[in-house]
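As structure tokens, the structure follows; a few thoughts come after it.
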Amino acid sequence: MKEIEMSVKNKLLEKYKSKRNFSITNEPYNDHELAGKSSIFVVQMHDARNLHYDFRIEYNSVLASWAVPKGPSTDPNDKHLAVRTEDHPYDYAFFEGVIPQGQYGAGPVMVWDIGTYKNLKEDLSIEECLDKGEVVIWLEGEKLKGGYVLIRTHWRNENKNWLLIKMHDEYAKKNYNILTEQPNSALTGRSLSQIEKEES
Ligand code: MN
């Protein structure tokens, strides 16, 4: 099954590469070692009009996405607003760079954290969890670890407002600001201003 998945992803990537001139665009070229092996999650720090963190999880070969203005927390008492945004392509998970002025979301983007996740709702697929408005996952990131819940604030599917909440487990930590304590890229170690300088 995994081999089939890999070959499908490689074929998809050939098409992706044939459509792009990588001497012009900064979009990702290489596949990632994690692709096809596990479900990935990514948190991208994004300084558009307002600084926010884009939380994304892989499902059905795309990334379900939320914009989290306050970013993720390690404290189970924090209920941070997470606004559901459109699904993004899988390869977006490895995008770190600067979205040019005049383009949607113009500004620097950092891969603040990346890793794999497990769906803790064993009887439901992530797609079903997204429909129901409750996603319960276990993260194995460089920074974020343990259980997290994403819960829609209203049963209606059209509602875009969710909450991102840390679960009570051995990785829960109060009085710790993971965003300021660990501010740099999980991929390249760079700060957001370094990325802005180097990629503009
Ligand atoms: Mn964003």
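Take 0 as the starting number for the sequence shown in numbering that gives the first Met the number 0 and just add one per residue. Cβ atoms here follow ideal geometry from the backbone N, Cα and C, with glycine treated the same way. Just so we're clear, the structure is a prediction, and the values are computed from it rather than from any experiment.
Cβ shell of residue i (< 8 Å), same chain only, five flanking positions each side left out
{"i": "T152", "result": "N158, N160, W161, L162"}
{"i": "D130", "result": "N156"}
{"i": "C244", "result": "The first residue shown for the chain is 0 and the last is 199, placing residue 244 beyond what the model contains."}
{"i": "L123", "result": "K131"}
Any non-hydrogen atom of the ligand MN closer than 8 Å to residue i Cβ
{"i": "G96", "result": "no"}
{"i": "G146", "result": "no"}
Short Cβ contact (9 Å threshold) for residue i with residue j
{"i": "H87", "j": "R48", "result": "no"}
{"i": "T187", "j": "E95", "result": "yes"}
{"i": "Y175", "j": "K144", "result": "no"}
{"i": "D53", "j": "V67", "result": "yes"}
{"i": "Q24", "j": "K173", "result": "Gln is not the amino acid found at residue 24; the sequence shown has Thr there. Their beta carbons are not under 9 Å apart, which means T24 does not touch K173 by this criterion."}
{"i": "V41", "j": "P71", "result": "no"}
Cβ-Cβ separation, residue j to residue i (assumed contact under 8 Å), whole Å
{"i": "Y103", "j": "L62", "result": "Actually they do not touch by this definition, with Cβ atoms about 16 Å apart."}
{"i": "V97", "j": "E13", "result": "Actually they do not touch by this definition, with Cβ atoms about 27 Å apart."}
{"i": "L178", "j": "W65", "result": "Actually they do not touch by this definition, with Cβ atoms about 16 Å apart."}
{"i": "K196", "j": "P75", "result": "That belief does not hold up - the Cβ atoms of K196 and P75 are roughly 37 Å apart, past 8 Å."}
{"i": "P182", "j": "S190", "result": "6 Å"}
Neighbourhood of residue i by C-beta, 6 Å cutoff - its chain only, sequence neighbours within 5 removed
{"i": "I194", "result": "P107, M109"}
{"i": "E133", "result": "I150"}
{"i": "I125", "result": "Y58, N118"}
{"i": "K69", "result": "H79"}
{"i": "L33", "result": "At L33, the pLDDT of 47 sits below 50, so the modelled position is not reliable and the matter cannot be decided from this model."}
{"i": "E205", "result": "Here the chain covers residues 0 to 199 and nothing more, so residue 205 does not appear."}
{"i": "H167", "result": "P75"}
Spatial neighbours of residue i in its chain, beta-carbon cut-off 7 Å, leaving aside the 5 residues before and after
{"i": "W154", "result": "G132"}
{"i": "S60", "result": "Y89"}
{"i": "P99", "result": "A105"}
{"i": "H51", "result": "H45, A66, V67, P68"}
Quiz item: Below 8 Å, can you find three or more Cβ-Cβ pairs linking the region 105-116 to the region 130-143?
Solution: yes
Exercise. Collect the residues with a C-beta less than 6 Å away from any heavy atom of the ligand NAP and give them in sequence order along the chain.
Key: By its list of ligands, the structure shown excludes the ligand NAP, since it contains just the ligand MN.
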